[in-house]
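Everything below concerns the one structure shown next.
Numbering (this note's numbering), first residue to last: 5 to 715.
As structure tokens, then:
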């Protein structure tokens, strides 16, 4: 005979839980107390055909955060006794409020069956609930019931037995709580998992959430059993609480509740039809327009274009000032030092290399400010909701939208958190497809490269070009994902639920803090990683120098030359020395591959440097075109130098932009891909993205030549 099923019955007070317990167990019930407390413990048994179901009626609770003794008792029973199934009794007429507890059960990881009680009352109030869709969106079985008349009890018990027989391991559901809290949760989960204390009893992410929510019982338990771990977790919680107070005037607990209700709202938006006369909330009214199938995408495109238009209009003067400053600084250093390696290092390696990246700080900062407005207002989640409709066609999961946006889907993101955020995808094939295409987005490292090339060759259409590049990045990522999902990663797409937090007006203080945090991270990278790589690339472009006999030949030519002739000979010598350097040799070795793309050997050197970090493409180009100059033009930015450079034209610039957009992820991103998906997939990302970039750039360049655009 099959063993009995142990089922816990939970739900909000007044959800009909007691009526359902009585309907299930009838006379087969008894009452006692939970050990050590006065809270009543009701137990009974029910039968599904010949299968016995032991039913434990948990105290009514609104939450799994221990606000009351009853809630603490209910949670302790779940964690310590681990019943096979929890049946959450939900008032169908008050679905959004009642599902809050169900979401917390799912975040704990316990197998859940929803008893959709008082379904008759909901229908009487004009609510039409699609039970199948509700079940699919939540990812748990849902059984409609009317407890007071015992309707639906057999279907509920069958669902309970079926769920118990699956013997699923506890698998906590992951909900995104916004960039700030998600980053804090990742750091806290890493500390908890490294400590190894929680084991299988407490899911690490659930513990981290309880700490952020200020759950006194969990905090006390941590402080008692793991004081060192507790101290580090509490410090992180205090840090994020202070950050949220500054930026959003919100607490972690309040923000978590907002996002949970946002998740629930997105579920009910699709699964529940309301009476037409029901009064909509403000966010719902706005969403009727912004999420409309026709108006929504049009509004999104207008917002994106406006972001780029404002960014370039406002940033143009400060970018020009910074370029002039670094040009002046280089001239001062050049005129004040004697010729030699030190002067070359300072001028070409550091000032031109790092200065070329720092010159675009105003543009990056204004872009980050615009992105912060979209995030803090709640519209970024709506962008993801709109894009989900498109992604499904190309085999990606709706949650992939968040990963792609974080990676730079609007512009200015980073592929590292984008790859990490793909953890929320349950299906391994959808997760891998997302990881492979996330680095194709226009991250903050690529923006300075785009900005420099656009300023040189498309100066009249800067905002339009950035807008088009955003669309191209999405299009290429979607094409790549479609190919992957129909070849090496075949499989069906799984259902998707998007959290839609309520709209809120951003605070100026919050916007400035978010902008400064991201801009400072960009500046620090320029002053550390980019500086180190710029010096390395300068050394590779400066040594070993020309052989003695060639140096002597140039000296002999200079001896009898006039001023104009001497300048020409010095330029030839500088170019010859650059071509003979280690970097020059490597670049020239690749020319047979890149010549069809219109790239010369100096571009090849920059692209090789870009494997480390994409900003290095810009700094290396600046260094290469500085090292190769016999006389420095203090007023000339890299953009103006490229305009005068033979072989450079709008087609070459656009081809390079496309190649930089798609080719190999940077080293840090590859390291994260290796950690998340394995060494084989990291190698696949390196080869796949670079090959895709090469083919695409080749098609663009050759098509442009065919149309006569290469002049």
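All residues carry an ideal CB built from backbone N, CA and C; glycine is no exception.
Output the distance between the C-alpha atoms of residue 579 and residue 236, rounded to the nearest integer angstrom. 55 Å
Going by alpha carbons, who is nearest to residue 179 out of 111, 196, 620 and 199? 111
Could you tell me whether the Cβ atoms of residue 354 and residue 539 are closer together than 8 Å? yes
Quick one: measure Cβ to Cβ for residue 545 and residue 628, integer angstroms, because I've assumed they're closer than 8 Å. 6 Å
Do the stretch 124–133 and the stretch 51–61 make contact, defined as three or more Cβ pairs closer than 8 Å? no
From the DSSP output, in three-state form, read off residue 462 for me. coil
The alpha helix (DSSP H) with residue 684 in it runs from where to where? First-last of the alpha helix (DSSP H) with residue 684: 683–710.
Contact defined as beta carbons within less than 8 Å: I believe residue 165 pairs with residue 271. What is the distance between those atoms, to the nearest angstrom? That belief does not hold up - the Cβ atoms of residue 165 and residue 271 are roughly 25 Å apart, past 8 Å.
Taking the beta carbon of residue 547 as the centre, do at least 16 other beta carbons fall within 10 Å, making it buried, or is it exposed? exposed
Quick check on residue 289: does DSSP put it in helix, strand or coil? helix
For residue 280, which residues from the same chain have a beta carbon less than 7 Å from its beta carbon, with the 5 sequence-adjacent residues on both sides left out? Any answer about residue 280 is weak, because its pLDDT of 41 lies below 50 and its placement is not dependable; what the coordinates show is given next. So the list is empty, once near-sequence residues are dropped.
Between the beta-carbon of residue 654 and the beta-carbon of residue 461, is there less than 8 Å? yes
Using only alpha-carbon positions, find the residue among 324, 126, 684 and 380 that is nearest to residue 642. 324
Per-residue DSSP class, three states only, for residue 47: Reduced to three states, the DSSP call for residue 47 is strand.
Could you work out which residue in 480, 615, 231 and 258 is closest to residue 244 when comparing CA atoms only? 258
What residue does the alpha helix (DSSP H) around residue 112 start on, and which one ends it? 99–112
Output the boundary residues of the alpha helix (DSSP H) element that contains residue 122. Premise fails: residue 122 is in no alpha helix (DSSP H) and is neither H nor E.
With DSSP as the reference, identify every bridge partner of residue 55, one or two as the case may be. 52
Please report the Cβ distance between residue 514 and residue 251, rounded to the nearest whole angstrom; I am assuming they are in contact, meaning their Cβ atoms lie under 8 Å. Rounded, the Cβ-Cβ distance is 3 Å, consistent with contact.
Measure how close the beta-carbons of residue 518 and residue 376 come, nearest whole angstrom, since I'm counting them as under 8 Å. 4 Å
Does the separation of the CB atoms of residue 168 and residue 88 fall below 8 Å? yes
State the DSSP-derived secondary structure class of residue 343, mapped to helix, strand or coil. coil
Could you tell me the alpha carbon to alpha carbon distance between residue 76 and residue 69, rounded to whole angstroms? 8 Å
Here's the rule: buried if 16 or more other CB atoms are within 10 angstroms of the residue's CB, otherwise exposed. What is residue 639? Reliability of the predicted coordinates at residue 639 is poor, the pLDDT of 46 falling under 50, and no value is obtained from them.
Would residue 78 and residue 65 qualify as a contact pair, given that the criterion is a beta-carbon distance under 8 Å? yes
Just to confirm the assignment: which complete alpha helix (DSSP H) runs, minimum length 4, are found wholly within the stretch 204–244? 208–217 and 220–229
Is it the case that the stretch 387–399 contacts the stretch 344–351, given that we only count it when at least three CB pairs across the two stretches are under 8 Å? Result no; under three Cβ-Cβ pairs closer than 8 Å.
Would you kindly work out how many angstroms separate the C-alpha atoms of residue 260 and residue 147, rounded to a whole number? Between residue 260 and residue 147, the alpha-carbon positions lie close to 28 Å from each other.
Cutoff 8 Å; reference residue 412; Cβ partners in own chain excluding five residues on either side: Around residue 412: 418, 419, 422, 445, 446, 447, 448, 450 and 477.
Ordered along the chain, which non-local residues of its own chain (more than five positions away) have a Cβ less than 6 Å from that of residue 293? 299
Excluding the 5 residues preceding and the 5 following residue 470 in the sequence, name in chain order all residues of the same chain whose CB lies nearer than 6 Å to its CB. 312
Tell me whether residue 13 sits in a helix, a strand or coil according to DSSP, three-state version. strand
In three-state terms, what does DSSP make of residue 7? Residue 7 sits in coil when the DSSP states are folded into three classes, being neither helix nor strand.
For residue 492, is the classification buried or exposed, using 16 other Cβ atoms within 10 angstroms of its Cβ as the cut-off for buried? It is exposed - the Cβ of residue 492 has fewer than 16 other Cβ atoms within 10 Å.
Under a Cβ-count criterion, where at least 16 other Cβ atoms within 10 Å of its own Cβ denotes burial, should residue 614 be classed as buried or exposed? buried
Quick one: any contact between the stretch 151–163 and the stretch 112–126, if contact means 3 or more CB pairs under 8 Å? yes
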